[in-house]
Structure formats: structure tokens, C-alpha cells
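Numbering-wise, the numbering used here puts 204 at position 119 of the sequence shown, and it's gapless, one number per residue.
Only one structure is covered here, and it is reproduced in the block below.
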Amino acid sequence: MTMLLTVEAIEAGKIGLNDMITCSEKVSKMEGSKVFLSYGEKISVDELLKSVAVASGNDAAVALAEYMAGSEEAFTQLMNNRAAELGMNDTHFMNATGLDAEGHYTSANDIAIMSRELIKHDMIYKYTTI
Numbered sequence: 086m087t088m089l090l091t092v093e094a095i096e097a098g099k100i101g102l103n104d105m106i107t108c109s110e111k112v113s114k115m116e117g118s119k120v121f122l123s124y125g126e127k128i129s130v131d132e133l134l135k136s137v138a139v140a141s142g143n144d145a146a147v148a149l150a151e152y153m154a155g156s157e158e159a160f161t162q163l164m165n166n167r168a169a170e171l172g173m174n175d176t177h178f179m180n181a182t183g184l185d186a187e188g189h190y191t192s193a194n195d196i197a198i199m200s201r202e203l204i205k206h207d208m209i210y211k212y213t214t215i
């Protein structure tokens, strides 16, 4: 969902691929799969999308979330709103990364709904194909 919301924001002109994001302390301390972003590091939306798609970078996902919504928590609300719009009735997001958290759940059907929506955006293939 983080990639979907990012692609939709780019296509709506709200953010650009070349926008430079300054990584927060929270981003630099992310656990799990990451691309080892440093506090204060500047990185483009384009590079962050690559990091999410290729490395499943939790730090990159949170950097995008903070950039688009001001905080991961606010972004998570956007994720849940979009999931509801898509009819993803068996999904509730608790974070931008997909890391396990109490109250965070989805179903295979809902992932399929989200994936069908994502592939409607041609630009996603730049990040998801070899």
C-alpha cells in the first residue's frame, strides 16, 4: 500500500520522483529489512521506491510515509482510508512497512485487490520488473 499511495501521489502531482527527502531519526533506527538510511541523509523519492520494491526497505517505506503525510501514523490512516475505498474489507494497517503489529492484518484476497490497483499504474513496472 505504501507503493500504491506513493505512485498515486506522484501521478496526482503531489510529489515528484526527484523530490529529495531528508531521513528522520526514526527512519535511521528502523528494524527488519532495510537499506541502512542515515539520520539527515537526503534521498530521492525515486531511490526510495526502488529501495521498497527491491530490498523491502522498511526504512525507505517510513521515509516515504513521513514525507507524504508528516508522520507514519498519519500515513497509516491514509493507507486504511485507501484500503476501504478499494473494498479491502479484511485489512487494517498499523504501519507503513508491513511489519507485524497488533491490529495489523490482511487477507490474500485484499492483497490481490491492492495489487490489481497497483498494476494499473504503468510507472510501477520500472520498480517491479527486471
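Quick reminder that beta carbons are idealized off the backbone N, C-alpha and C, glycines included.
In this text the structure is predicted, and so the values were computed from the model without any measurement.
Along the chain, where does the alpha helix (DSSP H) that runs through residue i open and close?
i, result
"residue 153", "143-154"
"residue 87", "87-96"
"residue 113", "110-113"
Buried or exposed for residue i, going by 16 or more other Cβ atoms inside 10 Å?
i, result
"residue 192", "exposed"
"residue 176", "buried"
"residue 145", "buried"
"residue 65", "Outside the shown range of the chain (86 to 215) lies residue 65, about which nothing can therefore be said."
"residue 119", "buried"
"residue 195", "buried"
"residue 197", "exposed"
"residue 94", "buried"
Taking 8 Å as the limit between beta carbons, can you name the residues of its chain near residue i, skipping five residues before and five after?
i, result
"residue 148", "106, 108, 109, 112, 122, 128 and 133"
"residue 131", "102 and 103"
Starting from the C-beta of residue i, find all residues in its chain whose C-beta is less than 6 Å away, skip the five residues before and the five after it, and write them out in chain order.
i, result
"residue 186", "179 and 180"
"residue 98", "none"
"residue 173", "195 and 198"
"residue 103", "129"
"residue 136", "120, 142 and 145"
"residue 150", "157, 160 and 181"
"residue 152", "106"
Using C-beta distances below 7 Å, list every residue in its chain close to residue i, excluding the 5 sequence neighbours before and after it, in chain order.
i, result
"residue 138", "88, 212 and 213"
"residue 141", "118"
"residue 165", "177 and 178"
Identify the continuous beta strand (DSSP E) that holds residue i and give its terminal residues.
i, result
"residue 129", "127-129"
"residue 106", "105-107"
Minimum length 4: unbroken alpha helix (DSSP H) runs contained in the segment 171-212: Under the rule that a run must span 4 or more residues, the alpha helix (DSSP H) segments found entirely inside the segment 171-212 read 193-203.
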